[in-house]
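Worksheet for the structure shown next.
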Amino acid sequence: MTTSSAPGKVYLFGEHAVVYGEPAVPCAIERRARVTVEPRDDHRLRVRAKDLTLDGFTVTWGGDADDRPDVNVPTPLVEAAMGYIDGAVEQARDAADAPEAGFDITVESDIPLGAGLGSSAAVVVAGIDAATRALGTDLTSEELADRAYQVEHEVQDGEASRADTFCSAMGGAVRVQGDDCRRLADPPNLPFVIGYDGGTGDTGELVAGVRALKEEYGFAADTVEAIGDIVRNGEVALRNGDIEELGRLMDFNHGLLSALGVSARTLDTMVWAAREADALGAKLTGAGGGGCIVALDRTEQTHTALEYTPGCEEAFRAELDTEGVKAEPES
Ligand code: PMV
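Residue numbers in the sequence shown follow our numbering, run continuously in steps of one, and reach 365 at the last position.
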């Protein structure tokens, strides 16, 4: 049995603007997905998923085309999960030159699904790593990031940046601008607090909405560029370890994302709860529309305030995780 884990992420700055060539700074968080693989002696895949905020499911496929599983969870969720896992296995087969390899796969994750925390990227990165290692091949973190990006790109119909997959593979704080991805040296310890409304946003629709605004209004295009300026200022604040400045820039970034129409009442409510609890800053993370906010707070106040905020289903602390994908010992 071979197990790998990879972290989820928050966007400290720059989601949406990154789609138009501005830089973004995602940060890995101490919430992981773990994928365990056991090679089979046939070509099939059997997948067990636990804790994916759906009731867990087991599917076997890879036989006849109509060999579809009988499962008790919504089909689109299963199909999406199967798409990512299928893609990860294809990449591992390709990397290890083992096109016929089959696996029993178990996926466990403590990252809420589809909520802006990079759950699918973490599953794909950990899945490729576990499956290639099981086949006797070791990939570098950069190779894993690139192969995981190919999977996300395909499953998400070309609407994926390299942010989630690179961040999950490398850990720490990273900077992504188009195909240029790098790890930022020595980031300060970032005291993230995350609020989750239990929902999810439709990334494709939200990206399309921003694109339409940007095409219609010059000031919307300026807003996207202003987000790029925030990211550039944020990089300096990160280098200086200036957490207070990072918080102010996060507040500004949230305001601009709101102006671009990608926030939601639940997200704004959680952001305001964090601000009123004296967080250093707070913003939505990821595509928006629903899902998560991220705040910076060294004290317990924001966590406590979010726990009492209507519409916040879960609040948790998750510090910056400097470790990217890693092999897990056999349990
Ligand atoms: O919700 P997430 O974590 O998949 O983030 C989407 C971020 C966007 O910038 C809106 C799109 C992208 O692929 O970068």
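For every residue, glycine included, the Cβ atom is placed at its ideal position computed from N, Cα and C.
Here the structure is a predicted model, which is why all the values come from computation and not from measurement.
Quiz item: Beta-carbon separation of G229 and C326 under 8 Å?
Solution: Within the sequence shown, residue 229 is the residue found at index 195, counting from 1. Within the sequence shown, residue 326 is the residue found at index 292, counting from 1. Taking 8 Å as the Cβ cut-off, G229 and C326 qualify as a contacting pair.
Quiz item: If you run the structure through DSSP and keep just helix, strand and coil, what is A293?
Solution: Within the sequence shown, residue 293 is the residue found at index 259, counting from 1. Secondary structure at A293: helix, using DSSP grouped into helix, strand and coil.
Quiz item: Is E193 near ligand 1, with its Cβ less than 7 Å from a heavy atom?
Solution: Sequence index remark: in the sequence shown, residue 193 carries index 159 (1-based). E193 Cβ: within cutoff of ligand 1.
Quiz prompt | Distance cut-off 7 Å: E188 Cβ against heavy atoms of ligand 3 | solution = Among the ligands modelled here, namely ligand 1, ligand 3 does not occur.
Quiz item: Under the DSSP definition of a beta bridge, which residues are partnered with S38?
Solution: Within the sequence shown, numbered from 1, the residue matching residue 38 stands at position 4. Answer is V69 and A361.
Quiz item: Between which two residues does the beta strand (DSSP E) carrying S143 extend?
Solution: If you number the sequence shown from 1, residue 143 lands on position 109. Residues G136 to S143.
Quiz prompt | G150 CB to nearest heavy atom of ligand 1 below 7 Å | solution = Walking along the sequence shown from the start, residue 150 turns up at place 116. Because some heavy atom of ligand 1 lies under 7 Å away, the Cβ of G150 counts as near it: yes.
Practice problem: Please report how far the alpha carbon of A135 lies from the alpha carbon of A83, in whole angstroms. | Solution: Position 101 of the sequence shown holds residue 135. Position 49 of the sequence shown holds residue 83. Using only the alpha carbons, I get a separation of about 20 Å.
Practice problem: Can you tell me which of R299, G243, A293 and F286 puts its alpha carbon nearest to the alpha carbon of V53? | Solution: One-based indexing of the sequence shown puts residue 53 at position 19. The option with the nearest alpha carbon to V53 is G243.
Quiz item: Starting from D214 and walking both ways along the beta strand (DSSP E), at which residues does that stretch end?
Solution: Taking the first residue of the sequence shown as position 1, residue 214 is located at position 180. Taken as a continuous stretch (DSSP letters only), the beta strand (DSSP E) holding D214 covers D214 to R217.
Quiz item: If you draw a straight line from the C-alpha of R102 to the C-alpha of D312, how long is it?
Solution: Mapped onto the sequence shown, residue 102 falls at position 68. Mapped onto the sequence shown, residue 312 falls at position 278. The predicted model places R102 with a pLDDT of 49, which falls under 50 and marks its position as unreliable; any figure quoted below should be read in that light. Taking the straight line from one Cα to the other gives about 51 Å.
Self-check item: Distance CB(V265)-CB(G55) smaller than 8 Å
Solution: Translated into the one-based positions of the sequence shown, residue 265 becomes position 231. Translated into the one-based positions of the sequence shown, residue 55 becomes position 21. No, they are not a contact pair.
Practice problem: Return the chain-ordered list of same chain residues with a C-beta closer than 6 Å to the C-beta of L86, the five sequence neighbours on each side being excluded. | Solution: Here residue 86 refers to the residue found at position 52 of the sequence shown. Its pLDDT being 49, under 50, L86 is placed unreliably by the model, and nothing is read from it.
Quiz item: Which ranges would you report for the alpha helix (DSSP H) in the segment 220 to 251 if only whole runs of at least 4 residues count?
Solution: DSSP runs (the alpha helix (DSSP H)) wholly in the segment 220 to 251: 237 to 250.
Quiz item: For N223, which residues of its own chain have a beta-carbon under 7 Å away from its beta-carbon, when the five flanking residues on both sides are left out?
Solution: Reading the sequence shown from its first residue, position 189 is the one you call residue 223. So the qualifying residues of the chain are E353 and L354.
Quiz prompt | Check: E259 C-beta below 7 Å from any heavy atom of ligand 1 | solution = Sequence index remark: in the sequence shown, residue 259 carries index 225 (1-based). No, the beta carbon of E259 sits no closer than 7 Å to any heavy atom of ligand 1.
Exercise. Return yes when at least one heavy atom of ligand 1 lies under 7 Å from the C-beta of A321, else no.
Key: Indexing the sequence shown from 1 puts residue 321 at position 287. Under cutoff, so the answer is yes.
Quiz prompt | Closest Cα partner of R309 within the set T333, V296 and A293 | solution = Locating residue 309 in the sequence shown gives position 275, counting from the first residue. The candidate whose alpha carbon is nearest that of R309 is T333.
Quiz item: Among L340, G320, A316 and Y45, which residue has its Cα nearest to the Cα of L330?
Solution: On the sequence shown, residue 330 is found 296 positions in, with the first residue counted as 1. Answer by Cα proximity: A316.
Quiz item: In angstroms, rounded to a whole number, what distance separates the CA positions of G281 and D180?
Solution: The residue you call residue 281 lines up with position 247 of the sequence shown. The residue you call residue 180 lines up with position 146 of the sequence shown. Cα-Cα distance, rounded: 31 Å.
Self-check item: Uninterrupted beta strand (DSSP E) stretches inside the segment 282 to 339 (no shorter than 3 residues)
Solution: 315 to 318 and 326 to 330
Quiz item: At a cut-off of 7 Å, is H288 close to ligand 1 when judged by its beta-carbon and the heavy atoms of the ligand?
Solution: In the sequence shown, residue 288 corresponds to position 254, counting from 1. Answer for H288: no, Cβ out of range of ligand 1.
Quiz item: At a cut-off of 7 Å, is A126 close to ligand 1 when judged by its beta-carbon and the heavy atoms of the ligand?
Solution: Sequence index remark: in the sequence shown, residue 126 carries index 92 (1-based). Checking every heavy atom of ligand 1 against the Cβ of A126, none is found closer than 7 Å.
Quiz item: R351: which of Q335, M116, D138 and E259 sits nearest, CA to CA?
Solution: Your numbering for residue 351 matches position 317 in the sequence shown. Looking at the Cα atoms, Q335 is the closest of the given residues.
Quiz item: Going by alpha carbons, who is nearest to G324 out of A122, G150, P363 and V185?
Solution: The residue labelled residue 324 in the question sits at position 290 within the sequence shown. Comparing Cα-Cα distances from G324 to each of A122, G150, P363 and V185, the minimum goes to G150.
Quiz item: Can you name the start and end residues of the alpha helix (DSSP H) that R167 belongs to?
Solution: By 1-based counting over the sequence shown, the position of residue 167 is 133. Taken as a continuous stretch (DSSP letters only), the alpha helix (DSSP H) holding R167 covers S153 to A168.
Quiz item: Taking DSSP as the reference, what is the three-state secondary structure of A260?
Solution: Looking up residue 260 in the sequence shown gives position 226. It is helical.
Practice problem: Please confirm whether any heavy atom of ligand 1 lies closer than 7 Å to the CB of D198. | Solution: Stepping through the sequence shown from its first residue, residue 198 is reached at position 164. Under cutoff, so the answer is yes.
Quiz prompt | Which residues DSSP lists as bridging R78, in chain order | solution = In the sequence shown, residue 78 corresponds to position 44, counting from 1. For R78, which the question treats as bridged, DSSP gives no partner whatsoever.
Quiz item: Skipping 5 residues on each side, what residues in its chain have a beta carbon closer than 8 Å to that of V296?
Solution: What you label residue 296 is simply residue 262 of the sequence shown in a count that begins at 1. Excluding sequence neighbours, V296 sits near H50, G235, L240, G243, V244, L318, A321, G322 and G323.
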